[in-house]
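Chains as they are written, first to last, in this note's numbering: chain A, 16 to 348; chain B, 16 to 348. Cβ coordinates follow ideal geometry from the N, Cα and C atoms, glycine included. Bear in mind that the values here come from a model prediction, so they are computed numbers and not experimental data. This report refers to the structure that appears directly beneath it.
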């Protein structure tokens, strides 16, 4: 009874990730040790550059979800550690390549690897980490898991290419946008969760539910990320997406509701990347006028709720409780 | 007897690859169909860009070796097709990323993908093909094969990073050079051959011999490639490596034998990338004076011979005969 009460105490969204880190402290220590071990290399630039991104941290949200989903499924073994490390390597490799593609100079409040070591090194060390991810997965000794993660990796790249094509294009629809973020972001969250169920040999219904949970949480995460690019968050320069000409949901919603003057504004800025000093402030005002950021946050919360609904088939447990709260966190950061 | 005579008729190096293509025509057709199928994607830029590189051809040397080694080992099945396609995808992905890193505009006599579609697309489509390679490998249903190819992929990236560090550096030794080409080029040839033996469940001695064959052939291939960059070959601009400041074996040999004036020349050109119009012609004259290209070709031929020696443990067959000649081809293109 005391246990049930404890389980049902609400977790504030902001506490979900620290709570998972606390519950999974030993597992995460094993994952971090694996990450450090597998990024070693006689070519010194590789561990240097990888350490800059990996050791510097971030929330480790994806590996945390792999571990938590494995625990939710009652997994007893060590394969979840190598899979969590592999998922983080795939994520890190895509960050390195993203920053090259976006010409980004700042990530998590630090200089990006490409700003310090140049684009060439970022491309090649990204390739190295990606290959190491697959070596790690082989250690998990499961072809079904490899299939899921290889497919996720291909889907991420597909989403990134599609994103290149929607950039600067104000004809981009909400469907296009969802197709991009489903591929570039949510596919890896989905795979990270799904593999936790696969290694525990759970029935297909549960594995599909975990995949659904990860997919919906990933959509919520990217939607709120795209809102934060206008409202600002510590460690991320607001306006990056705007200056890169990325057409995200807030813009799509505001554009649909806007008049000719606003259409001209979006076309000159996002479309043609001709910027004046106060354009970002103007963009924020237009988004505010159409309530576009709040609407996009509502989308995020709907997807977080869908993620929570996917968890309904699992019996109540502390793990389910934390995963439930993590979905809220994804939407309300 | 007639068969034995036919098998022992010498194959000129230049005929080795066409001969393998003729013997493996059905297998290569299956491989090409797989390649076309797996590069399809709803995001149209992906098949467009991939087709530019893959469908445009090249010799398909690596998949050819996978097929031939599987045949040498008496393999009966279809896994060699997916592995050959996977090996070609890994190779194509590294070409796409190489051309970004080298800022190349011409490959195989055509505009490079990055020259047509830009660096961003080349990075991301390279990632896509790399991920697809792993999906293909999962279809081969063999964790040992996945381990070998994942390790090769990491080694290629490691070699490319090391190559960045030896560029413009005239202190690069022959050992450094061999370390770079062993990783960036020979590792994939070695893996391509080794997996042909693994899927045929051959004993470890034979699998090690195939790996050795591929490794030595790969060294011969890269050595002769680096010589061809000075002597010229159709479809490749001579002097690319020179203008990129790459310190290859011919330069290392000539530099070691050169005087102060020549050291200054190499430092200004390869070291500092300050070029005058007739510098490439001067470089060729210096290499000629020290017999450096001929010496590098001798290295290539020694490695080709080592590749041939590795085949000695296999019984005589048409496959062994062709693989023998392919090693010659790698060194004498």
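*What do you get for residue 91 of chain A, buried or exposed, if any count of 16 or more other CB atoms within 10 angstroms of its CB means buried?*
The sequence position of residue 91 of chain A within the first chain is 76, counting from 1. Exposed, by the Cβ-count rule.
*CA-to-CA distance, residue 166 of chain A to residue 159 of chain B, given in whole angstroms*: Position 144 of the second chain holds residue 159 of chain B. Position 151 of the first chain holds residue 166 of chain A. Cα-Cα distance, rounded: 20 Å.
*Going along the stretch 53-76 of chain A in order, which residues come within less than 7 Å of chain B, judged by CB to CB distance?*
Listed in chain order, the positions of the stretch 53-76 of chain A with a beta carbon within less than 7 Å of a beta carbon of chain B are 56, 58, 60 and 61.
*Give the residues of chain B in contact with residue 112 of chain A, contact being defined as C-beta atoms less than 8 Å apart.*
The count along the first chain starts at 1 and reaches residue 112 of chain A at position 97. Near residue 112 of chain A (Cβ distances below 8 Å), the residues of chain B are 138, 139 and 142.
_Status (buried if at least 16 other CB within 10 Å, exposed otherwise) for residue 153 of chain A_ = In the first chain, residue 153 of chain A corresponds to position 138, counting from 1. With at least 16 other beta carbons inside 10 angstroms of its own, residue 153 of chain A counts as buried.
*Taking residue 173 of chain B and residue 198 of chain B to be in contact with their CB atoms under 8 Å, please state how far apart those CB atoms are, rounded to whole angstroms.*
Taking the first residue of the second chain as position 1, residue 173 of chain B is located at position 158. Taking the first residue of the second chain as position 1, residue 198 of chain B is located at position 183. Sure, about 5 Å apart at Cβ, within 8 Å.
*Please name the residue in B:42, B:105, B:98 and B:200 whose C-alpha comes closest to that of residue 155 of chain B.*
Counting from one through the second chain, the residue named residue 155 of chain B turns up at place 140. The option with the nearest alpha carbon to residue 155 of chain B is B:98.
_I want to verify the contact list: residues of chain B whose CB lies under 7 Å from the CB of residue 135 of chain A, in sequence order._
Residue mapping note: residue 135 of chain A aligns to position 120 of the first chain, counting from 1. Going along chain B in sequence order, the residues near residue 135 of chain A (Cβ under 7 Å) are 116 and 179.
*Note down the Cα distance separating residue 297 of chain B from residue 240 of chain A, rounded to an integer number of angstroms.*
Here residue 297 of chain B corresponds to residue number 282 of the second chain, with the count starting at 1. Here residue 240 of chain A corresponds to residue number 225 of the first chain, with the count starting at 1. Their Cα atoms are separated by approximately 56 Å.
*Any chance you could list the alpha helix (DSSP H) runs of at least 4 consecutive residues sitting entirely within the stretch 300-326 of chain B, in chain order?*
307-325, all fully within the stretch 300-326 of chain B.
*Can you tell me the Cα-Cα spacing of residue 44 of chain B and residue 333 of chain B, whole angstroms?*
On the second chain, position 29 is the one that residue 44 of chain B refers to. On the second chain, position 318 is the one that residue 333 of chain B refers to. In a straight line, the C-alpha of residue 44 of chain B is about 20 Å away from that of residue 333 of chain B.
*List the residues of chain A whose Cβ lies closer than 8 Å to the Cβ of residue 162 of chain B, in chain order.*
One-based indexing of the second chain puts residue 162 of chain B at position 147. Those are 150 and 153, listed as they occur along chain A.
_Report the start-end ranges of each alpha helix (DSSP H) in the stretch 72-128 of chain A that is 4 residues or longer and not cut off at the edges._
Within the stretch 72-128 of chain A, the alpha helix (DSSP H) runs of at least 4 residues that lie entirely inside it are, in chain order, 76-87 and 94-117.
*Report buried or exposed for residue 21 of chain B, applying the criterion of at least 16 other Cβ atoms within 10 angstroms of its Cβ.*
Residue mapping note: residue 21 of chain B aligns to position 6 of the second chain, counting from 1. At residue 21 of chain B the pLDDT is 48, less than 50, meaning the model places this residue with poor confidence and gives no usable figure here.
_Out of B:227, B:262, B:100 and B:236, which one is the CA nearest neighbour of residue 186 of chain B?_
Residue numbering aside, residue 186 of chain B sits at position 171 when the second chain is read from its first letter. Its Cα nearest to that of residue 186 of chain B, the residue B:262 stands out among B:227, B:262, B:100 and B:236.
*Assuming residue 58 of chain B and residue 177 of chain A form a contact by the criterion Cβ under 8 Å, report the distance between their Cβ atoms to the nearest whole angstrom.*
Taking the first residue of the second chain as position 1, residue 58 of chain B is located at position 43. Taking the first residue of the first chain as position 1, residue 177 of chain A is located at position 162. So it is a contact: roughly 5 Å between Cβ atoms.
*the stretch 323-330 of chain A touching the stretch 215-234 of chain A, judged by at least three CB pairs closer than 8 Å*: Segments in contact, yes.
*Proximity test, Cβ basis, 8 Å: residue 176 of chain A and chain B*: The residue labelled residue 176 of chain A in the question sits at position 161 within the first chain. Under the Cβ criterion of 8 Å, residue 176 of chain A is counted among the residues facing chain B.
_My output table needs one value for residue 262 of chain B: the three-state DSSP class, helix, strand or coil._
If you number the second chain from 1, residue 262 of chain B lands on position 247. It is coil, neither helix nor strand.
*List in chain order: all unbroken beta strand (DSSP E) runs of 3+ residues lying wholly within the stretch 124-169 of chain B.*
Segments of the beta strand (DSSP E) lying fully in the stretch 124-169 of chain B: there are none.
*DSSP-derived helix/strand/coil call for residue 58 of chain A*: The residue labelled residue 58 of chain A in the question sits at position 43 within the first chain. Reduced to three states, the DSSP call for residue 58 of chain A is coil.
*Three or more C-beta pairs closer than 8 Å, one from the stretch 97-112 of chain A and one from the stretch 64-78 of chain A: is that the case here?*
Flag = yes, the stretch 97-112 of chain A and the stretch 64-78 of chain A touch.
*Would residue 75 of chain A be called buried (16 or more neighbouring beta carbons within 10 Å of its own) or exposed?*
To locate residue 75 of chain A, count along the first chain from 1; it is residue 60. So residue 75 of chain A ends up on the buried side.
*Where residue 80 of chain B and residue 272 of chain B are concerned, what is the direct C-alpha to C-alpha distance, given to the nearest angstrom?*
For this step, residue 80 of chain B is matched to residue 65 along the second chain. For this step, residue 272 of chain B is matched to residue 257 along the second chain. Rounded to whole angstroms, the separation of the alpha carbons of residue 272 of chain B and residue 80 of chain B is 37 Å.
*How big is the Cα-Cα spacing for residue 19 of chain B and residue 216 of chain B?*
Within the second chain, residue 19 of chain B is the residue found at index 4, counting from 1. Within the second chain, residue 216 of chain B is the residue found at index 201, counting from 1. At residue 19 of chain B, the pLDDT of 43 sits below 50, so the modelled position is not reliable; the number obtained from the coordinates is stated separately. Between the alpha carbons of residue 19 of chain B and residue 216 of chain B lies a distance of about 27 Å.
*Could you give the distance in angstroms between the alpha-carbon of residue 255 of chain B and the alpha-carbon of residue 39 of chain A?*
The count along the second chain starts at 1 and reaches residue 255 of chain B at position 240. The count along the first chain starts at 1 and reaches residue 39 of chain A at position 24. Cα-Cα distance, rounded: 52 Å.
*With 16 other Cβ atoms within 10 Å as the buried cut-off, status of residue 145 of chain B*: Counting from 1 along the second chain, the entry for residue 145 of chain B is found at position 130. Residue 145 of chain B comes out buried.
*Output, in chain order, the set of chain B residues within a Cβ distance shorter than 7 Å of residue 320 of chain A.*
In the first chain, residue 320 of chain A corresponds to position 305, counting from 1. Within 7 Å Cβ-Cβ: nothing; residue 320 of chain A doesn't reach chain B, min ~29 Å.
*Measure the alpha-carbon distance for residue 29 of chain B versus residue 337 of chain B and round it to whole angstroms.*
Sequence index remark: in the second chain, residue 29 of chain B carries index 14 (1-based). Sequence index remark: in the second chain, residue 337 of chain B carries index 322 (1-based). Straight across, the Cα-Cα distance linking residue 29 of chain B with residue 337 of chain B is about 11 Å.
*List the residues of chain A whose Cβ lies closer than 8 Å to the Cβ of residue 227 of chain B, in chain order.*
Here residue 227 of chain B corresponds to residue number 212 of the second chain, with the count starting at 1. The contacting residues do not exist; residue 227 of chain B stays about 22 Å from chain A at best.
*Where do the ends of the alpha helix (DSSP H) carrying residue 192 of chain B lie?*
Counting from one through the second chain, the residue named residue 192 of chain B turns up at place 177. First-last of the alpha helix (DSSP H) with residue 192 of chain B: 189-196.
*Short CB-CB distance (under 8 Å) between residue 204 of chain B and chain A*: As a position in the second chain, residue 204 of chain B is number 189, starting the count at 1. Taking Cβ atoms only, chain A never reaches closer than 8 Å to residue 204 of chain B, which makes this a no.
*residue 16 of chain A versus residue 94 of chain A - alpha carbon distance*: Translated into positions along the first chain, residue 16 of chain A becomes position 1. Translated into positions along the first chain, residue 94 of chain A becomes position 79. Because the pLDDT at residue 16 of chain A is just 37, under 50, the model does not fix this residue reliably, and the value given afterwards should be weighed accordingly. The alpha-carbon atoms of residue 16 of chain A and residue 94 of chain A are separated by roughly 33 Å.
_For residue 215 of chain A, the three-state DSSP class (helix, strand or coil)_ = Stepping through the first chain from its first residue, residue 215 of chain A is reached at position 200. Correct three-state label for residue 215 of chain A: coil.
*Can you list, in chain order, the residues of its chain whose CB lies under 8 Å from that of residue 277 of chain A, leaving out five sequence neighbours each side?*
As a working note, residue 277 of chain A is residue 262 in the first chain. Closer than 8 Å at Cβ, skipping near neighbours: 269, 270 and 301.
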